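All letters in the sequence shown, in the order written, are residues -1 to 156 by the numbering used here. The beta carbon of each residue, even a glycine, is placed where N, CA and C say it ideally should be. Given the structure is predicted, the values throughout are model-derived calculations rather than measurements. What follows is a single structure, written as structure tokens, with notes after it.
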Amino acid sequence: MSNTIYYRHTYEKSFLDSTNKKNKLQEIIIDGEKGLSFSLMKLEGPKYVKINVKEISKDKFSLKKRVDQENTSQDLTLPELKKMITSDKSLLFIKKYIDEERSIVSKNKKTLSGGRKISKKTSKKLSKKLSKKTSKKPSKKPSKKTSKKTSKKTSRKK
């Protein structure tokens, strides 16, 4: 099964703050045939937060959250997920996608699927030439080049 991706968003930012502590922000959204998935990774000095959400089935999501060393996972429905997203300011990128852009992308899914390719039209003369070339049988005589190569190999071995 192939996974056709309809929408992909990635954003990465890393920098050192005034106290020379590393800060990093990574946002990823992937929406395709297998469903919606997004992740947020936030590193601010010693504080580390990672949120992974994957769509299990229609309107059911699996949430994996890691804050520093604590791991939690739970299953959410779409309304519960939206409620969680609105409560967290760092997840505004996914709120914008779900509320505004996802409906546009879902409409375009139908038009993205490929249709039948139009065959190229060739002239009658060209098609006759091609059919004559394919109907000719190749000669059964071995080529002279192969016999020369074998004789050279035997002379080198001596």
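Cβ of residue i within 8 Å of any heavy atom in the ligand SAH?
i, result
"Arg6", "Of the ligands one can find in the structure shown there are none, so the ligand SAH has no counterpart to examine."
Rounding to the nearest angstrom, what Cα-Cα distance links residue i and residue j in this structure?
i, j, result
"Thr17", "Gln67", "23 Å"
"Thr84", "Pro77", "11 Å"
"His7", "Ile92", "10 Å"
"Thr70", "Ile102", "33 Å"
"Asp15", "Gly43", "9 Å"
"Lys87", "Thr2", "30 Å"
"Asp57", "Glu98", "17 Å"
"Leu124", "Ile96", "54 Å"
"Thr75", "Lys45", "28 Å"
"Lys81", "Leu38", "17 Å"
Mark residue i as exposed unless 16 or more other C-beta atoms lie within 10 angstroms of its C-beta, in which case mark it buried.
i, result
"Asp73", "exposed"
"Leu79", "buried"
"Val65", "exposed"
"Leu128", "exposed"
"Leu90", "exposed"
"Ile54", "exposed"
"Ile49", "buried"
So residue i packs on residue j, CB below 8 Å; how close in whole Å?
i, j, result
"Ile26", "Phe13", "Contact flag wrong, Cβ pair sits at about 19 Å."
"Lys11", "Leu23", "5 Å"
"Leu41", "Lys20", "7 Å"
"Tyr5", "Asp29", "4 Å"
"Val47", "Phe59", "Not really, about 18 Å apart at Cβ, beyond 8 Å."
| query | What runs of the beta strand (DSSP E), each 3 residues or longer, lie entirely inside the region 35 to 67? | reply | Given a length threshold of 3 residues, each whole run of the beta strand (DSSP E) inside the region 35 to 67 is given here in chain order: 45 to 55, 58 to 65.
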